[in-house]
Amino acid sequence: MDWRLFFKRHLKFGQKLKRYHHGNAILFLLLTITGFLLFSEAFRTGFPTIRVMVRISHIGLGILSCFPFLFYLPKMTRHLNTLKNKVFHRSTLFLVLVLLTLLISSGLVLVFHRDFPPFVSTLALFIHDFSTIVGVPYVTYHSFTRSRWFKRWATPKRKRVEKLETPHLIEEGNPILKRRSFLKLTAGTAVVLIYAPFFMRWLQVVMPTSTPSTSSPVEKGGFKPLPHPAPDSLPPKGGGRSGQFRYYTVTEIPKLNDHNFRFTINGLVDHPCTYDWNSFIQLKRSVQVSNFHCVTGWNVNQITWEGLPLHQLLTQVGVKPQAKYVKFYSADGVYTDTLTIEQARMSDVMVAVLIDGKLIEEVNGGPVRLIVPGMYGYKSVKWLSRIELLDHDQTGYWEARGYPKNAWVQKGL
Ligand SMILES: Nc1nc2c(c(=O)[nH]1)N[C@H]1C(S)=C(S)[C@@H](COP(=O)(O)O)O[C@H]1N2
Ligand SMILES: [Mo]
């Protein structure tokens, strides 16, 4: 890479193109790094405090990356003319431009996803992921095979001198081309192998799983007896959910079973109480169908939840007049969130136990999680173990780390 290109004035056409190309390459590298951090589970757990900062940098870099692209567009016709006879070049250029357009436009939709209907953000997230999973391996391959180092390696010294003197004939038997295409193929295979695990991981995230995992204690029968699904719950009244959860946790998944399970309501209430698994599943449940939205853009629709409406629980325990806030604790010992008492009394806020007629899976926050359908997912505490009524507000886990206090999915509520 020639750094001087960035500081020179009055560049020739080819040099200008090179400058955009290099600018693009640097931005793409930084976007890949920040994007990878945002996608990574380990980063969510390890560095939650800087997650929001990384998100802002990713968006800023994304906006910057529009510039080389915009500067290039008016020069595109002239560039294409110079590539008239290079079919391969033209098609890779086309691929790169399509990928960039997809990445930039879907990225913009994701930044402003509150202004779009949820299905648009689901689609934008899919496009953003997909163009990344295609684009990053391609760019890795491209930067490697175009590097000076690779070129030198692919062309033996003796031949390099020769090359200067006599132009090569492009024919099957040409040993240099043979060596080069062999090495390119090897590099290509290596790149595919390196990125395959990421691709598989992404597929797992977005594709509907036909067979639910049976590895967690929840499904292995760690919870007995199993709660009996209501007729509305199985078969699910909502017809079965559409879309995939992206399973998030900022801690290890807490190991829960029917022995150590406890569910407590205390604080400013008349009758504080703690339930064990047996008594908990005796509580009266109801069924609702609702959608789930994450602030990062994915949505799951038509979920049939069965559980305890929170307003009903609050009435049972008797809320003291001083109580103005309701705090939710996760059994992971770290994650908490708080609602105002008015929000907590909304009819669709639920302490959920069954999803589409089955006990909620461990990764999904089971056996008991909160759901607040009107707000972003970070209000929906997983592995819910305690509800406390308070007279003062407390900042939730992600809110303390930069997520907005206003978590309403619909703007203006
Ligand atoms: N205990 C706990 N609850 C949590 C989280 C978490 O990391 N830990 N993540 C929140 C966020 S940001 C979202 S979007 C949803 C994700 O739910 P899921 O992992 O079942 O998809 O859970 C919320 N509740
Ligand atoms: Mo989220």
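Residue numbers for the sequence shown follow the numbering used here, so the first one is 1053 and each next one is one higher. Virtual Cβ for every residue (Gly too), placed ideally from N, Cα, C. From a predicted model like this one, the values you see are computed outputs, not experimental measurements.
Counting along the chain, the unbroken beta strand (DSSP E) around Phe1344 starts and ends at 1338 to 1345.
The three-state secondary structure of Trp1254, taken from DSSP, is helix.
Look at Ala1452 here: in three-state DSSP terms it is helix. Restricting attention to Thr1301, Lys1431, Pro1126, Phe1164, the CA atom closest to the CA of Pro1100 is found in Thr1301. Within the region 1294 to 1337, the alpha helix (DSSP H) runs of at least 4 residues that lie entirely inside it are, in chain order, 1329 to 1332.
If you draw a straight line from the Cα of Lys1410 to the Cα of His1194, it is about 48 Å long.
Tyr1377 carries a strand assignment under DSSP once its states are collapsed to helix, strand and coil. Within the same chain, Cβ atoms closer than 7 Å to the Cβ of Gly1290 are found at Val1341, Gln1354, Ile1355, Thr1356, the five residues on either side in sequence being excluded. Of the other Cβ atoms in all chains shown, fewer than 16 fall within 10 Å of the Cβ of Ser1331; this residue is therefore exposed. With a 10 Å radius around the Cβ and a threshold of 16 neighbouring Cβ atoms, Ala1242 comes out exposed. Per the DSSP secondary-structure output, Trp1357 pairs in a beta bridge with Gln1340, Ile1407. Inclusion of Val1405 and Glu1358 in the CB contact set at 8 Å is warranted, their separation being smaller than that value. Sequence-distant Cβ neighbours of Gly1292 in its own chain, meaning closer than 6 Å and more than five residues away, are Asp1408.
Shortest Cα-Cα distance from Thr1129 to any of Ser1117, Phe1140, Phe1065 involves Phe1065. Beta bridge pairing from DSSP links Val1371 with Val1321. For Tyr1300, the Cβ falls inside the 7 Å cut-off from some heavy atom of ligand 2. In the DSSP annotation of this structure, the continuous segment of the alpha helix (DSSP H) that includes Ile1111 starts and ends at 1100 to 1116. For Val1257 and Trp1435, the gap between their C-alpha atoms comes out near 21 Å. Relative to His1311, the option among Asn1318, Glu1304, Phe1297, Pro1277 whose CA is nearest is Pro1277.
Around the Cβ of Met1053, a 10 Å sphere holds fewer than 16 other Cβ atoms; the residue is exposed.
Contact between the region 1414 to 1421 and the region 1440 to 1458 is absent: fewer than 3 CB-CB pairs across the two stretches fall below 8 Å.
By the neighbour-count definition (other C-beta atoms within 10 Å, threshold 16), Ser1092 is an exposed residue.
Within 10 angstroms of the beta-carbon of Cys1346 lie 16 or more other beta-carbons, which makes it buried.
Around the Cβ of Met1427, a 10 Å sphere holds 16 or more other Cβ atoms; the residue is buried. DSSP places Thr1207 outside any beta strand (DSSP E), giving it a letter other than H or E.
In the structure shown, Asp1389 adopts extended strand secondary structure according to DSSP, grouped into three states. Contact between the region 1138 to 1157 and the region 1182 to 1196 is present: 3 or more CB-CB pairs across the two stretches fall below 8 Å.
Between Val1420 and Phe1251, the gap from beta carbon to beta carbon reaches 8 Å or more. Cβ contact annotation for Ala1176 (same chain, cutoff 6 Å, sequence separation greater than five): Ser1158, Val1161, Leu1162, in chain order. In the structure shown, the three-state DSSP call for Met1259 is coil. Secondary structure of Glu1440 (DSSP, three-state): strand. With fewer than 16 neighbouring CB atoms inside 10 Å of its own CB, His1280 falls in the exposed class.
Taking a 10 Å sphere around the C-beta of Val1371, we find 16 or more other C-beta atoms and assign the residue as buried. With respect to Thr1084, Val1244 sits apart: the two C-beta atoms are not nearer than 8 Å. Not a single heavy atom of ligand 2 lies less than 7 Å from the C-beta of Thr1388.
The Cβ neighbour count for Ile1246, taken over all protein chains shown within 10 Å, is under 16; the residue is labelled exposed.
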